[in-house]
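Asks:
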Amino acid sequence: MDAHKNIYYTKEKSNLNYLFLLKLGCIIVAAFIMSGFFKSEALASSSMVYYDYASKKDITYTGKQVKVNYNGRKISKDENPGIIVNGIALLSYKDIFANSSIDASCVYNKEAGTVTISNGDTTIVLTINSKTAMVNDKKVNMSVAPIKIKYRTNNVAKILVPSRFVAENLGYKYTWYSGTSTVEIEGSSLWLSYNGGSKFAYTGSTAQTSIDGRVVGHGNMPNIIVNNTTMVRAKRVFADTEIGATYSYNKKDKTVTLSTKDTSLVMTIGSTTAYLNGNPIEMSIAPMIVTNHEAKTNYVMVPGSFTASCLGYDYKWNQEDRMSELTSRPLNPSSGNKNNDSNSNDNSNHVNKPDTKEDNKTPVEPELGDNSIAWEKGKILHQWLSNEVFIGKGSKKQSISGTSPGNTDDGTILSIVETSYSQMLNGETFQFYGSKAYGKVTSELKKNTITIQIHGMNSYVQNFYPLSLANSVVQNITARYDINTSITTIEVKLRQEDVSYDLALSPDKMSLYLNIYRNSITSASVGTNELGDYLTLTAMGQMSPKISVQNGYMMLDFPYTANGIEDQYTMVDGAKYISQIYIADLMDRTQVYLGLKSEVDYYIIENGGWYTVSLQAKNSNYKPPTPVEEAPVVEWNNKNVEIIIPKPDGIEIEMITDKDLYLKKQFVIILPGDYRTYFQTNPISANSNVIKKVDVSLNNNYETEIWVTTSKIQGYEYTTDDSFIYINVDNPKNIYKNIVVLDPGHGGGANGAQYFNTKEKDINFKILYTLGEKYFNAPNSKIKAYYTRTADNDVGLYDRAAFAKEVGADLFVSLHMNASTSKAVKGMEVYYSTNNNSKNRGGLNSETLASRLLNDLLPIIGTDNRGIKKARFVVVHHNTVPAVLVELGFMSNSSDYNKITNGSNQEKVAKQLYDSLCNIFDRYPTGR
């Protein structure tokens, strides 16, 4: 109190005190005014009282009061905050999961004391005051039980449930921010249903639309991808924009009509037959009514490419920007004769005009390999590319190892059914359901028959014919059991030989899946050059179309070939002979129609999966170019190598081994025997500034080691003649054709997840390095692998990402194991970053790499498919090459744990990863 008595002694102090009181008064007034704004914040630090129905007592709660956001928007109520019990956030099921944009179906049974929460394919049954829950009819234990309380401030009763458990089991991402006492729930904001069907979480890609470069706002309903086709809002895109079509929808007959001055397009919901100016025309997918349950609105969605083409707009899918690009066609198109060529080249506003800059290194057509031919692409008028996410290539897994039971315990193949297991545009899947788990399975493909032998599994004689008989590449399937060998043989008769296939087991191993992949068109381009016009198609395999010309049309028929580029209908401007092109998927085949302006001669130029039809003037007597012979292999110039080692007598090249200690910037050449004295009199010569020193020593195995130390990581290769060993030392990219960085997650003091006395870092290291190195660094390996760590040590995340650039890598793969606070969560997922998703020279980006690895590795582990996901993890976000992070399974889930720690599975994952990357390099070559 003495300090306050001394304040008013001088006039100056009195004036200061007056100002102080004035400011204090203003602050107090402002505080009253603003009190309403800060009410919610005060909740986080003040106590509250609630009545607990279990103990029948009032509880004074002084802990954190929990707020909740869903996809960034607040959904919790300040007057009924969540509470923390034993470290778990308990939230009102009704406020958070039922009456929010999550919009789960929730039912409270007062008599049973249960709350049932369901969304999509997941149903959770919780019992008040019980730690036992039911998830899809399976018992699951929780760490905290749901409770029923009444908030005394407003006398409102609520049932609070373990929020993380519920959210993650429904498939949402759940994050707790302790500093702000906030739960962030993230998930699909698109809960959709098609044509009045069941509600589901749409997890596919969403897209936008642009018209002549202007992006169209999609409101609450973006474009979605259905069966590899972009579906757009009919009215929003084609009527409410500069396209200006007249739109109408007839609820009685479910017809959608879009009409312009010269065009009338009538489509029917659920039908693939449309009518363009009264003429029937087939679509690859039918229009549909899509219900967005979050927006609580129905939308008429139509195939974007087909509709745009019919209404006179060119359509192009921009994969990088996820954009359907619509471009108006020129008002005065050139006639296409030679005198107008100069005018036809002036088309700078055309969205499909190819990039003709000299520094554009990405070829429009695929590289033709060694047997390249001279072909002038001239000017490309239209081009379409596939979305490879929807095209199945297969894992090439064609056998399943396992111990089959004896005759007394033989199971039985109960049924053969078609299923949508693979969900690929060009895939068909057949399920063989057994009475018990499958054991050993082998298979082979000869001509047009896949023969599968299943050991220890009985079967009655079965003859199966696909329901979609006319569309299926499978003619029929038969199953017969041999009692002498206890083997069931399944023969799958195919309608064509050029297919690929793989085998997979369900997680419980009770079902065997046969996935068959047809050939699929992956790109198409129409162009013109000095010789005439051309159509170039690429596909996964060789194409053998049937070609016919009549009534002004050329038709190319590709039986049992999928259309990977969506249906296309486009008028072709600037061509000499082609007036229009129509590409259609007819389920069992793809057909391409070229409208012709006049009679032509045509010639075929093909190379593997590359097929060109060249159209020339009638009677031109043109002959297509012949393949150029493969260039001879250039021999080494031994005078220009960096290291020359005198070769001791009796040493042959197959006796020489080596070790690459790249993390120490060293490599070792190893010769059997002691040659230390020999090299004292026959010195080794080194001719490179990057080589710091060369040492010779003898190891414990009585082998001579020649140690080469460099100033930076170098690749090397060696050869011999009668007198010398020649070592070529250079940057890795100049030595190796395919380079990948493999990153075993964590290490050293960073253990990662830990469950069942197992550390994540050890699983990562065992699969990638201990087991994987023998594949990646085998003498005949197609890949040079560099590991971010080769021992139990931690490496900085940014150093791991930068390592790819340091070694000149082409790809980067990081392996991790997942974990969750919910023991029920399981599955495999692969992450990539949109910040690092540009295509490399071979056409591969991070997203495609993630998709391919997920498809290849998932059948081995046999867990849930959690898909590919975007994230800003340092190792993928700050990388310079296509990079992914694989989360193989959840250590916190007992089922996943048993699978990812199983030695046989780990060996298979290591081998499959090598095989997959080899296939990827074959598909997306480095060009070296």
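741 is the number that my numbering gives to position 744 of the sequence shown; each next residue is one higher, with no gaps.
Glycine included, each C-beta is placed from N, C-alpha and C at the ideal position.
1) Report the option in 788, 242 and 217 whose CA atom is closest to the CA atom of residue 745.
2) Let me know the secondary structure DSSP gives residue 745 once reduced to three states.
3) Decide yes or no for the touch test of the segment 221 to 228 against the segment 198 to 209: beta carbon pairs closer than 8 Å, at least 3 of them.
4) Which whole-angstrom value describes the C-beta separation of residue 283 and residue 306, a residue pair presumed to lie in contact below a C-beta threshold of 8 Å?
5) I'd like to confirm something about residue 890: is its beta-carbon nearer than 7 Å to some heavy atom of the ligand GTP, or not?
6) Rounded to whole angstroms, what is the Cα-Cα separation between residue 924 and residue 844?
7) According to the neighbour-count rule (16 or more other Cβ atoms, all chains shown, within 10 Å of its Cβ), is residue 547 buried or exposed?
8) Threshold first: 3 residues or longer. Then list the beta strand (DSSP E) segments lying entirely within the segment 686 to 740, N to C.
9) Can you tell me the Cα-Cα spacing of residue 300 and residue 532, whole angstroms?
10) State yes or no: is the C-beta of residue 160 within less than 8 Å of the C-beta of residue 142?
11) Are the beta-carbon atoms belonging to residue 397 and residue 438 less than 8 Å from one another?
12) Whole angstroms is fine: what's the gap from residue 911's alpha carbon to residue 519's?
13) So, helix, strand or coil for residue 270, using DSSP?
14) Do residue 445 and residue 389 count as a contact pair if the criterion is CB distance below 8 Å?
15) Just to confirm the assignment, what range does the alpha helix (DSSP H) spanning residue 301 have?
16) Do residue 574 and residue 534 count as a contact pair if the criterion is CB distance below 8 Å?
17) Within the segment 136 to 188, note down every full beta strand (DSSP E) run reaching 3 residues or more, in order along the chain.
18) Output the residue ranges of the alpha helix (DSSP H) runs that lie fully inside the segment 875 to 905 and measure 4 residues or longer, sorted by chain position.
19) The beta strand (DSSP E) spanning residue 654 covers which residue range?
20) For the alpha helix (DSSP H) containing residue 844, list its first residue and its last residue.
21) According to the neighbour-count rule (16 or more other Cβ atoms, all chains shown, within 10 Å of its Cβ), is residue 539 buried or exposed?
22) On the CB-based measure, 16 or more other CB atoms within 10 Å of its CB, does residue 861 come out buried or exposed?
23) Which one of 493, 799 and 742 has the shortest CA to CA distance from residue 786?
24) Tell me, to the nearest whole angstrom, how far the beta carbon of residue 95 is from that of residue 103; I am working on the premise that it is less than 8 Å.
25) Determine the burial state of residue 193: buried for a count of at least 16 other Cβ atoms within 10 Å of its Cβ, exposed for fewer.
26) Of all the beta strand (DSSP E) runs that stay within the bounds of the segment 182 to 233, which reach a length of 3 or more residues?
27) Given a cut-off of 8 Å on the beta-carbon distance, is the pair residue 772 and residue 907 in contact?
28) Only counting the same chain, and skipping five residues up and downstream in sequence, which positions put a Cβ closer than 8 Å to that of residue 886?
29) Give me the Cβ distance between residue 203 and residue 64, rounded to the nearest whole Å; I'm assuming they're in contact under 8 Å.
30) Using only alpha-carbon positions, find the residue among 232, 580 and 879 that is nearest to residue 295.
31) Figure out for me which residue from 589, 554, 545 and 245 has the closest Cα to the Cα of residue 599.
32) Our contact map puts residue 806 next to residue 736 with C-beta atoms below 8 Å; I'd like the distance itself, whole angstroms only.
33) What do you get for residue 329, buried or exposed, if any count of 16 or more other CB atoms within 10 angstroms of its CB means buried?
34) So, at 6 Å on beta carbons, what are the nonlocal neighbours of residue 473 in its own chain, with the 5 sequence-adjacent residues on each side left out?
35) Between the C-alpha atoms of residue 881 and residue 799, what's the straight-line distance to the nearest angstrom?
36) Indicate the three-state DSSP secondary structure (helix, strand or coil) for residue 493 in the structure shown.
Replies: Reading off the structure:
1) 788
2) coil
3) yes
4) Not quite, the Cβ-Cβ distance comes to about 17 Å (not below 8 Å), so this is no contact.
5) Absence of the ligand GTP from the depicted structure is noted, as is the absence of any ligand whatsoever, leaving it without description.
6) 21 Å
7) exposed
8) 688 to 695, 700 to 707, 712 to 717 and 721 to 727
9) 24 Å
10) no
11) yes
12) 25 Å
13) strand
14) no
15) 301 to 307
16) no
17) 144 to 148, 153 to 159, 170 to 174 and 179 to 183
18) 891 to 897
19) 654 to 658
20) 843 to 858
21) exposed
22) buried
23) 742
24) 4 Å
25) exposed
26) 188 to 191, 203 to 208, 211 to 213, 220 to 223 and 226 to 230
27) yes
28) 814, 815, 823, 824, 825, 858, 860, 893, 894, 896 and 897
29) Between residue 64 and residue 203 the Cβ distance is about 28 Å, and since that is not below 8 Å, they are no contact.
30) 232
31) 545
32) 5 Å
33) Reliability of the predicted coordinates at residue 329 is poor, the pLDDT of 41 falling under 50, and no value is obtained from them.
34) 462 and 490
35) 14 Å
36) coil
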